[in-house]
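*Asks:* Note that the numbering used here gives residue 396 to position 363 of the first sequence, counting from 1, and the numbers run on in steps of one.
First the structure, which I've put down as structure tokens, then a few questions once you've had a look.
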Amino acid sequence: MIRIYNTLTRKKEEFKPLEEGKVKMYVCGLTVQDRPHIGHIRASITADILKRYFEYSGFDVTLITNFTDIDDKLIEKEKETGEDFRSIARRIIDEYFENADKLNIKRADFFPEATKHIQEIQELVSRLIEKGFAYVSGGNVYYDVSKFSGYGKLSGKKLEDLRVGARVEPDETKRNPVDFVVWKGAKPGEPWWESPWGRGRPGWHIECSAMSMHYLGETFDIHGGGADLMFPHHENEIAQSEGATGKPFARYWVHNGRLNLSGEKMSKSIGNVVLISDILKTYKPDVVRLYLLSTHYRSPLEYYEDRLKEQEGGYERLRQVLFLISQTEGEEGELNKETIDKFKEAMDDDFNTPKALSAIYSYTKDIFETMKKGPDTKWILSAKKTLKEMLSVLGLFESEEDHEKKDDDLIDLLLTIRSDIREKKLYELSDKIRDGLKKLNIEIEDTDEGSRWKRE
RNA sequence: GGCGGUAUAGCCAAGUGGCUAAGGCGACGGUCUGCAAAACCGUUAUUCACCGGUUCGAGUCCGGUUGCCGCCUCCA
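In structure tokens:
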């Protein structure tokens with residue numbers, strides 16, 4: 034039984050799908066105006082873990098992740114750089130995929146883009162106008178927040194408080210300052226689509242309502258995204274969707290905690306972002322994954338490079354144990370039930386990856402200890418199966434080392450020769466090889482079973 | 001100002017009333033090894049921000065105080 038924290042009820046709840054054995058899930062992806070950073074990746078990894086664990090638990094998962102490829106910032110960017118907004122969007126989407134693939138993030142089933150769903154968006158806007166939830170004013174269409182009684186149920190905000198705060202853009206054409214735009218009229222020089230309300234573009238929140246319902250139905254299981262999207266984005270999505278359909282929208286809302294940069298909020302507007310492509314220049318994808326999974330997805334996470342570095346120790350330990358058990362060949366072993374149960378218990382409890390990792394590390398210790406005692410092939414084959422299964426649910430250590438095979442063969446050859454030299458006790462020579470390789474960032478380890486090497 | 005989150009060792013981080021407070025990183029000492037690395041063994045929180053309360057029993061529940069963070073404006 035999987036329990037999941039639902040922002041809507043502020044409680045952990047047993048997950049019961051709408052349709053037996055299926056999970057329909059929508060996660061807000063990027064607004065593709067700026068290059069993907071580690072915060073985006075935290076959200077993607079969170080979605081990835083949910084998808085993987087649901088699938089592991091026997092569910093058939095449909096995951097939709099959108100790209101918002103038209104918005105004010107993107108238009109601004111186009112004006113600044115002269116580059117067409119479509120081209121900017123394309124470039125950033127490509128960069129996202131390039132990095133997400135390296136990180137072994139499973140692809141969603143669809144990646145809808147706002148500009149390719151203008152029709153669905155306009156249909157939704159029309160529906161809202163017909164039902165009296167939206168009104169046309171000054172070339173824009175606004176959502177009338179006062180018409181939706183459930184407004185604020187996700188974020189816990191009250192309309193009165195929002196009015197008092199009144200940090201909403203003053204706009205004479207709105208009936209109420211908290212009303213938000215669902216269709217925005219185009220100013221001269223801005224991109225536009227033809228609509229019954231004049232030339233314009235979708236508001237920011239509407240595309241997620243339109244696309245999620247288009248792909249998953251009017252009611253679906255899980256809606257996710259970063260905690261910063263809770264308000265206003267997700268609150269507005271609920272208002273739009275439930276206003277239009279009169280049915281419940283997403284049943285479980287899942288929000289991952291923010292990732293802050295060295296104690297400061299990481300944000301495009303401050304400009305203090307850490308690009309994922311920069312991180313991956315220095316750190317292995319699995320190290321980044323370990324870093325993100327070592328904190329529960331809902332907790333806030335401070336980004337310090339040292340903490341990424343810390344994970345290299347754990348990464349190395351897991352790599353060692355995997356190397357060690359890979360030396361034992363044989364038929365597929367049986368799962369170690371006790372360990373798997375511990376792992377599942379952690380994951381069942383709102384995807385508690387730090388706890389799941391601790392089960393993996395404890396088991397790693399068991400493996401080293403057992404192997405120290407002497408060969409127990411059956412046990413080791415079981416450990417191999419068990420460890421790999423757990424790691425693969427977390428998306429770790431799945432990609433084969435993508436280094437050049439030729440180089441590897443060459444190093445292996447050098448090591449074979451070095452073993453002969455060592456047998457003749459010509460240590461000066463063998464150390465020379467070791468030192469030389471070290472300068473090439475290749476480190477040799479001599480063990481009872483022979484020598485092995487790794488890249489630094 | 002309103003709303004929400006969080007406070008556990010040098011660092012990260014589990015802990016959802018009850019055996020001696022998981023796990024990782026780091027550090028130190030030891031075993032093994034030609035040396036090194038890895039691994040192994042041991043040490044590293046009498047105590048969970050603080051003050052009260054409930055209870056036979058609280059890091060865990062309740063009230064209060066303080067600190068930090070986020071949202072309320074574009075943001076994963």
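Beta carbons are placed, not taken as given, at the ideal position from N, Cα and C, and that holds for glycine.
Apart from the five residues just before and just after E47, which ones in its own chain have a Cβ nearer than 7 Å to its Cβ?
*Replies:* The answer, listed in chain order, is M34 and R36.
*Asks:* Should the segment 243-257 be regarded as contacting the segment 212-230, the criterion being three or more beta carbon pairs within less than 8 Å?
*Replies:* Touching, no.
*Asks:* Can the beta-carbon of S188 be found closer than 8 Å to that of F92?
*Replies:* No, the pair does not count as a contact, with Cβ atoms beyond the cut-off.
*Asks:* Which residue comes first and which comes last in the beta strand (DSSP E) that contains K44?
*Replies:* K44 -> beta strand (DSSP E) spans K44 to E47.
*Asks:* Using 8 Å for Cβ pairs, my map puts K45 next to F253. What's the rounded Cβ distance?
*Replies:* About 20 Å separates the two Cβ atoms, so there is no contact after all.
*Asks:* How would you label G183, buried or exposed, when you count the other beta carbons within 10 angstroms and need 16 or more for buried?
*Replies:* Exposed, by the Cβ-count rule.
*Asks:* On the DSSP letters alone, give me the boundaries of the beta strand (DSSP E) that G258 sits inside.
*Replies:* Here the beta strand (DSSP E) through G258 covers F253 to G259.
*Asks:* Write down the C-beta distance between I373 and T419 rounded to the nearest angstrom, noting that I regard them as a contact closer than 8 Å.
*Replies:* Right, the Cβ-Cβ distance comes to about 6 Å (below 8 Å), so this counts as a contact.
*Asks:* Please give the ranges of any beta strand (DSSP E) in the segment 164-249, keeping only runs that are unbroken, at least 3 residues long and fully inside the region.
*Replies:* Counting only runs of 3 or more, we get 167-170, 173-176, 213-218 and 233-235.
*Asks:* Tell me which same chain residues have a C-beta within less than 8 Å of the C-beta of A223, skipping the five on either side of it?
*Replies:* A small correction: the amino acid at residue 223 is Glu; Ala does not occupy that position in the sequence shown. Hits under 8 Å: I108 and R234.
*Asks:* For the 8 Å Cβ check, are there 3 or more pairs between the segment 449-458 and the segment 339-348?
*Replies:* Too few Cβ pairs lie closer than 8 Å, so no.
*Asks:* Looking only at its own chain, which residues have a Cβ that is under 6 Å from the Cβ of H238, when we skip the five neighbours before and after it?
*Replies:* Excluding positions up to five away in sequence, the list reads H266, N269 and E270.
*Asks:* In chain order, which alpha helix (DSSP H) runs of at least 4 residues are fully inside the segment 381-464?
*Replies:* Fully enclosed alpha helix (DSSP H) runs of 4 or longer: 386-406, 410-426 and 438-456.
*Asks:* Hey, quick one: how far does the beta strand (DSSP E) through K57 stretch, first residue to last?
*Replies:* Where K57 is concerned, the enclosing beta strand (DSSP E) stretches over K55 to V60.
*Asks:* Using the three-state DSSP reduction, which class does T64 fall into: helix, strand or coil?
*Replies:* Here T64 sits in strand by DSSP.
*Asks:* Using the three-state DSSP reduction, which class does I475 fall into: helix, strand or coil?
*Replies:* If DSSP states are grouped into helix, strand and coil, I475 belongs with the strands.
*Asks:* How many Å lie between A277 and K411 at the Cα?
*Replies:* For A277 and K411, the distance between alpha carbons rounds to 60 Å.
*Asks:* Does the segment 311-319 come close enough to the segment 280-289 to have 3 or more Cβ pairs within less than 8 Å?
*Replies:* Contact fails: fewer than three Cβ-Cβ distances are below 8 Å.
*Asks:* In whole angstroms, give me the CA-to-CA distance for L96 and E193.
*Replies:* If I take the Cα positions, the gap works out to 36 Å.
*Asks:* Measuring CB to CB, does G469 end up less than 8 Å from S415?
*Replies:* No, the Cβ-Cβ distance between G469 and S415 is not below 8 Å.
*Asks:* E349 by DSSP, collapsed to three states: which one?
*Replies:* Of the three classes helix, strand and coil, the one that applies to E349 here is helix, per DSSP.
*Asks:* Determine which residues share a DSSP beta bridge with K487 and list them.
*Replies:* Partner(s): E476.
*Asks:* Confirm, please, whether the CB-CB distance from R75 to L334 is below 8 Å.
*Replies:* Yes; because the gap between Cβ atoms is below 8 Å, this pair is in contact.
*Asks:* Between R85 and K135, which are expected to be in contact by the criterion C-beta below 8 Å, what is the C-beta distance as a whole number of angstroms?
*Replies:* No, R85 and K135 are not in contact; Cβ-Cβ is about 17 Å, not under 8 Å.
*Asks:* Exposed or buried, which one is D383 when buried takes at least 16 other CB atoms within 10 Å?
*Replies:* Label assigned to D383: buried.
*Asks:* Do you know how far the Cα of E422 is from the Cα of F376?
*Replies:* Cα to Cα, F376 sits roughly 10 Å from E422.
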